[in-house]
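Undergrad:
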Amino acid sequence: MALGSTGKSGTSTVERKCVTEAAASRLSNRWLVLFLLLLIFIFNYADRFLISGLVGPIKKEFGLGDGFMGLLMGPAFVVLYVLAGIPIARLADRSSRVMIICIGCIVWSMFTGLTGLATGPVTLALCRVGVGIGEAAFVAPAYSLLADYFKPERRGVAFAILGLATYFGQIAGYAGGPAIAEIYTWHAAFFAMAIPGFVLAGFAWLLIKEPQRSATAQVQEALAPIIGRLIKARSYIALMLGMGLGTLSGVSFGFWGPTLFARNHGLTESVASNAFAAYFGLAGLTGMLIFGAVSDRLARKGPHGPPRLAAFSLFFATLCILLVTWSSSFAQSKTLAIPSGLLGGGWSVGVMASLQYLLPDRYRATATATFVAVSTLLGFLVGPWLAGEISGAFGNDAQSLRIGLSVTIPAGFIAALSMWYASSRLGGDNEILRRFESERPD
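According to numbering that gives the first Met the number 0, the sequence shown is numbered sequentially starting from 0.
1. Under three-state DSSP, which class holds residue 307?
2. Determine the direct distance from the alpha carbon of residue 150 to that of residue 403, and round the result to whole angstroms.
3. Tell me the residue span of the alpha helix (DSSP H) that contains residue 209.
4. Can you tell which of 93, 377, 304 has its C-alpha closest to the C-alpha of residue 363?
5. Look at the alpha carbon of residue 407 and the alpha carbon of residue 70, and state the distance between them as a whole number of angstroms.
6. With 16 other CB atoms within 10 Å as the buried threshold, where does residue 224 fall?
7. Drop a sphere of 10 angstroms on the beta-carbon of residue 46, count the other beta-carbons inside from all chains shown, and report buried for 16 or more, exposed for fewer.
8. Go ahead and pull the three-state DSSP assignment for residue 184.
9. Would you mind sorting residue 325 into buried or exposed? The rule is 16 or more other CB atoms within 10 Å of its CB.
10. Count the other CB atoms within 10 Å of the CB of residue 147; is the residue buried (16 or more) or exposed (fewer)?
11. Skipping 5 residues on each side, what residues in its chain have a beta carbon closer than 6 Å to that of residue 177?
12. Could you compute how far the alpha carbon of residue 327 sits from the alpha carbon of residue 318?
13. On the CB-based measure, 16 or more other CB atoms within 10 Å of its CB, does residue 194 come out buried or exposed?
14. For residue 198, count neighbouring Cβ atoms within 10 angstroms of its own Cβ and tell me buried if that reaches 16, exposed if not.
15. Once you ignore the five residues that flank residue 196 on each side, which residues in its own chain have a CB closer than 6 Å to its CB?
16. Please classify residue 267: does DSSP put it in a helix, a strand, or coil?
17. Report the CB separation of residue 160 from residue 291 in whole angstroms; it is logged as a contact under 8 Å.
18. Nearer than 7 Å: is that true of the beta carbon of residue 368 relative to any heavy atom of the ligand FMN?
19. Can you list, in chain order, the residues of its chain whose CB lies under 8 Å from that of residue 286, leaving out five sequence neighbours each side?
20. With a cut-off of 8 Å, does the C-beta of residue 140 fall near any C-beta of chain C?
21. Do residue 190 and residue 115 have their beta-carbon atoms positioned less than 8 Å apart in this structure?
22. So for residue 447, helix, strand or coil by DSSP?
23. Alpha carbon to alpha carbon, what distance is there between residue 361 and residue 401?
24. Considering just the uninterrupted stretch of the alpha helix (DSSP H) at residue 141, what are its terminal residues?
25. Pick out whichever of 333, 60, 356, 63 has its Cα sitting closest to the Cα of residue 275.
26. Taking three-plus beta-carbon pairs below 8 Å as touching, is the region 369 to 388 in contact with the region 229 to 247?
27. Tell me the DSSP secondary structure of residue 103 in three-state form.
28. Going by C-alpha distance, which of 54, 67, 136, 58 is nearest residue 81?
29. Pull up the distance between the alpha-carbon of residue 302 and that of residue 422, whole angstroms please.
30. Do residue 349 and residue 309 come within 8 Å of each other at the CB atom, strictly closer than that value?
31. Should residue 86 be labelled buried (16 or more other beta-carbon atoms within 10 Å of its own) or exposed?
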């Protein structure tokens, strides 16, 4: 069944799952909504990755090792991010998603600024926890909101544009933070990166209007039956596993990449971060846009296309990133960064488009948050921390970091296989979940 096809009930997927273009135009311009969410998501990621461009000065000031920095990048951020994500999404399924996004933006911006006031490892960790709680309020409500503003056959491009934030945000964190730190201090970098979030929260509150939910979408359901239903959809589990392992692979390299460049090639933190951002970031931006457009074209032919595209791109991106990790030449690393970024930039678009196709609107935000929680826990909790711990065990140098990343990066190969499996089940699982919905009394 194509994404916009009509099911057995005679009601089109478009009618069931999203606001029509006319209805959306009476609320807010959908491209304005997308633009504002993109800006908010950019600073979501910038604040998240800012610490990875400032590893050197933070370690020096507080006398920390790679293991503790990995803890700050991963577990300190992700544990509360995950624990807060599902209840926040449950709230988003029955109340204003716009309000939740705005409050979350204010919270993570506040804790980003407070990080600049940290006086030691404990306060650093507590601030990272606060950033994680705030950022948990964005992803599920934002994707759910866009799914109401864009028809299924247009969501690939919409999600790809939103996904650009992961690269713009990383570039801002990698390059902006060290640049500010060189002129002032690393503390000032956190103060500066906190300011835009407060401004954007105000604009979003004033300019984004909440779409009217369908009658069935407004009926709140207990979490346990939803989870039980989702477990029966094997494609949901396979996509979640693939997203988690793909995130583990990519995030471990994303957080430690600038440090790897600095150690491998004898660069300063600022030069290494700028080079990493320029080559991986710009290639990733391009890949995100290309794969978004291709994903939409494949989606018109059937649901299996986007996850297969994701599997293909992630497999070869993982291979290229491993080659970058072990490259002894800076020029070779920069050259390999281009295919790594192009292929790695867009694989998540196909996963998120497939997820929104699969899920009924009654619990779309809740199911998305559960998906994001599990995949993020697997990716962020394990990836940066494990790479840092292994690096610390072998010496905290270039060679030890290569070894650590060589343990985490290959998870991308398993992720690709999981996504390919999901592609074969997606259409049937969509019918199963729709049938559950039609049989459930309101």
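We treat Cβ as the ideally placed atom computed from N, Cα and C, and that holds for glycine.
TA: Once the coordinates are examined:
1. helix
2. Near 43 Å, if we compare the C-alpha coordinates of residue 150 and residue 403.
3. DSSP places residue 209 in no alpha helix (DSSP H); its state is neither H nor E.
4. 93
5. If I take the Cα positions, the gap works out to 15 Å.
6. exposed
7. buried
8. In this structure, DSSP gives residue 184 a state outside helix and strand, which the three-state scheme calls coil.
9. It counts as exposed.
10. Residue 147 comes out buried.
11. 52, 268, 269, 272
12. 16 Å
13. exposed
14. So residue 198 ends up on the exposed side.
15. Closer than 6 Å at the Cβ level, and outside the excluded window around residue 196, lie 42, 104, 108.
16. coil
17. Residue 160 to residue 291, Cβ: 7 Å. Contact.
18. For the structure depicted, the ligand FMN is absent and the ligand set is empty, with no information on it obtainable.
19. Non-local C-beta neighbours of residue 286 in its own chain, meaning closer than 8 Å and more than five positions away in sequence, comprise 312, 340, 341, 342, 343, 344, 345, ordered along the chain.
20. The chain labelled as chain C is not found in the depicted structure, where only one protein chain is given.
21. yes
22. Absent from the structure is residue 447, since the part of the chain shown begins at 0 and ends at 441.
23. 45 Å
24. That run of the alpha helix (DSSP H) goes 138 to 148.
25. Looking only at 333, 60, 356, 63, the smallest Cα-Cα distance to residue 275 is reached by 333.
26. yes
27. helix
28. Minimum Cα-Cα distance from residue 81 among the listed residues 54, 67, 136, 58 corresponds to 136.
29. Our two residues, residue 302 and residue 422, have alpha carbons roughly 7 Å apart in a direct line.
30. Cβ distance < 8 Å, so residue 309 and residue 349 count as in contact.
31. exposed
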